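Novice: Once you know that position 160 of the first sequence is 543 in this note's numbering, the rest is easy, because the numbers rise by one and skip nothing. Can you keep this structure in mind? I'll have questions shortly.
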Amino acid sequence: MPSLQAARSLLGVRLVHHTAAGRRSGRIVEVEAYIGTEDQASHARFGRTNRNAVMFGPAGRAYVYLVYGMYDCLNVVTETAGHPAALLIRAVEPVDGTDQMRDARLARALRRAGATAATAERIRRLPVHALATGPGLVTAALGIDRSDNERDLCDPQSPLRLEVRPANERAPLVVATPRIGIGYAAEPWRSHAWRFIDASSPTVSGRDTAGGC
DNA sequence: GCAAAGATTTGCT
DNA sequence: GCAAATCTTTGCC
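Pasting the structure below:
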């Protein structure tokens, strides 16, 4: 399936993680597409490297990388083998295991140097819908890290997997906008509306949700 | 080998 | 609203 179509289809899908602590899951409400070696915002722009190798493999696998030396980001690989592409999951609306997500957010935040009591208090007061509003926060809340790289997200037996949107659930209101945090990329890649959000969800990261189609 | 930058988040001015 | 925190990957000498 083409990556932009896959990105739209991913909205509303459940991201599920089973650990010793139990089941955590969330409804995907924000994704970004990174497509091909020509995309000057993609990790694949320098060709195949040790880090991005999984992007060159078959669709449905997890690509997890460390960004800014601090946060892990989760992607779903798309396109056929040999065509590097992935969808960055930027936000999910928590469904199952919300207490566990809050605990994980707290534990992660307090590990940081310079962490303050005010930060811990802020996380304790966060509404459930704001527990995973950002790519680094999705992995923090769900307990995903680089050891999950290359996992098959389409395998129903996998501890980290995708599950289809429940049939009785409302369909997402899909809006497309430019991608976030890629100011280093040249045009036209910087301006492509390859970020997709469910505009009907209270859970969306970033500020500019307007200007889409 | 070394320097620089990065698909982010938090804290302080 | 800006800069720090933090470390892997990439590019160049």
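The C-beta atom is built at its ideal place from N, Cα and C for all residues, glycine as well. Since the structure is predicted, the reported quantities are computational estimates derived from the model, not experimental observations.
In the DSSP assignment, what residue or residues form a beta bridge with V557?
Specialist: For the purposes of this step, residue 557 is taken as the residue at position 174 of the first sequence. DSSP output for V557 lists D581 as bridge partner(s).
Novice: Please say whether R391 and H400 have beta carbons closer to each other than 8 Å?
Specialist: Here residue 400 is taken as the residue at index 17 of the first sequence, counted from 1. Here residue 391 is taken as the residue at index 8 of the first sequence, counted from 1. Not a contact, by the Cβ cut-off of 8 Å.
Novice: When DSSP builds the beta bridges, which residues end up paired with N458?
Specialist: Here residue 458 refers to the residue found at position 75 when the first sequence is read from its first residue. Y446 and L471, per the DSSP bridge assignment.
Novice: With a threshold of 16 other CB atoms inside 10 Å of the CB of D482, please say whether the residue is buried or exposed.
Specialist: As a working mapping, residue 482 is identified with position 99 in the first sequence. With fewer than 16 other Cβ atoms within 10 Å, it is exposed.
Novice: Could you check what DSSP says for R494 in three-state terms: helix, strand or coil?
Specialist: Working through the first sequence from its first residue, we reach residue 494 at position 111. If DSSP states are grouped into helix, strand and coil, R494 belongs with the helices.
Novice: Can the beta-carbon of R434 be found less than 8 Å from the beta-carbon of Y448?
Specialist: Here residue 434 refers to the residue found at position 51 of the first sequence. Here residue 448 refers to the residue found at position 65 of the first sequence. Contact: yes.
Novice: Starting from S574 and walking both ways along the beta strand (DSSP E), at which residues does that stretch end?
Specialist: As a first step, residue 574 is located in the first sequence; it is residue number 191 there, counting from the start. It is not in any beta strand (DSSP E) - S574 carries neither H nor E in the DSSP assignment.
Novice: Assuming the contact rule is C-beta atoms closer than 8 Å, Y451 and A469 should be a hit. Round their C-beta distance to whole Å, please.
Specialist: As a working mapping, residue 451 is identified with position 68 in the first sequence. As a working mapping, residue 469 is identified with position 86 in the first sequence. Between A469 and Y451 the Cβ distance is about 18 Å, and since that is not below 8 Å, they are no contact.
Novice: What is the DSSP secondary structure of L394, reduced to helix, strand or coil?
Specialist: Working through the first sequence from its first residue, we reach residue 394 at position 11. Three-state DSSP puts L394 in coil, outside helix and strand.
Novice: Quick check on the DSSP output: the alpha helix (DSSP H) that includes L525 runs from which residue to which?
Specialist: One-based indexing of the first sequence puts residue 525 at position 142. Start and end: P518 to L525.
Novice: At what residues does the alpha helix (DSSP H) containing I506 begin and finish?
Specialist: Here residue 506 refers to the residue found at position 123 when the first sequence is read from its first residue. Note, I506: alpha helix (DSSP H), A500 to R508.
Novice: Grouping DSSP H, G and I as helix and E and B as strand, with all else coil, what is A427?
Specialist: Start at 1 with the first residue of the first sequence, and residue 427 comes out as number 44. A427: helix per DSSP, three-state reduction.
Novice: Residue range of the beta strand (DSSP E) that R407 falls in?
Specialist: Within the first sequence, numbered from 1, the residue matching residue 407 stands at position 24. Looking at the DSSP string, the run of the beta strand (DSSP E) that includes R407 is G405 to I418.
Novice: Return the residue from the list A513, G419 and E546 that minimises the CA-CA distance to R473.
Specialist: Taking the first sequence and counting its residues from 1, one reaches residue 473 at position 90. The candidate whose alpha carbon is nearest that of R473 is A513.
Novice: Does DSSP put G595 in a helix, a strand or coil?
Specialist: Your numbering for residue 595 matches position 212 in the first sequence. In this predicted model, G595 has a pLDDT of only 39, less than 50, meaning its place in the structure is not dependable; the value taken from the coordinates is given anyway. If DSSP states are grouped into helix, strand and coil, G595 belongs with coil.
Novice: Specify, as a first and last residue, the run of the beta strand (DSSP E) that E546 falls within.
Specialist: The sequence position of residue 546 within the first sequence is 163, counting from 1. Element bounds for E546: L543 to E546.
Novice: Alpha carbon to alpha carbon, how far is G526 from P467? Give it in angstroms, no decimals.
Specialist: The sequence position of residue 467 within the first sequence is 84, counting from 1. The sequence position of residue 526 within the first sequence is 143, counting from 1. Near 26 Å, if we compare the C-alpha coordinates of G526 and P467.
Novice: On the criterion of 16 or more Cβ atoms from any shown chain inside 10 Å, does M384 qualify as buried, or is it exposed?
Specialist: In the first sequence, residue 384 corresponds to position 1, counting from 1. Exposed.
Novice: Strictly by DSSP, which residues pair up with E533?
Specialist: Here residue 533 is taken as the residue at index 150 of the first sequence, counted from 1. In the DSSP output, where bridge partners are listed per residue, E533 has none listed.
Novice: Near W577, which residues of its chain fall below 8 Å by C-beta distance, leaving aside the five closest residues on each side in sequence?
Specialist: Sequence index remark: in the first sequence, residue 577 carries index 194 (1-based). These residues qualify, in order along the chain: L387, A390, E415, A416, Y417, I418, A559, P561 and R562.
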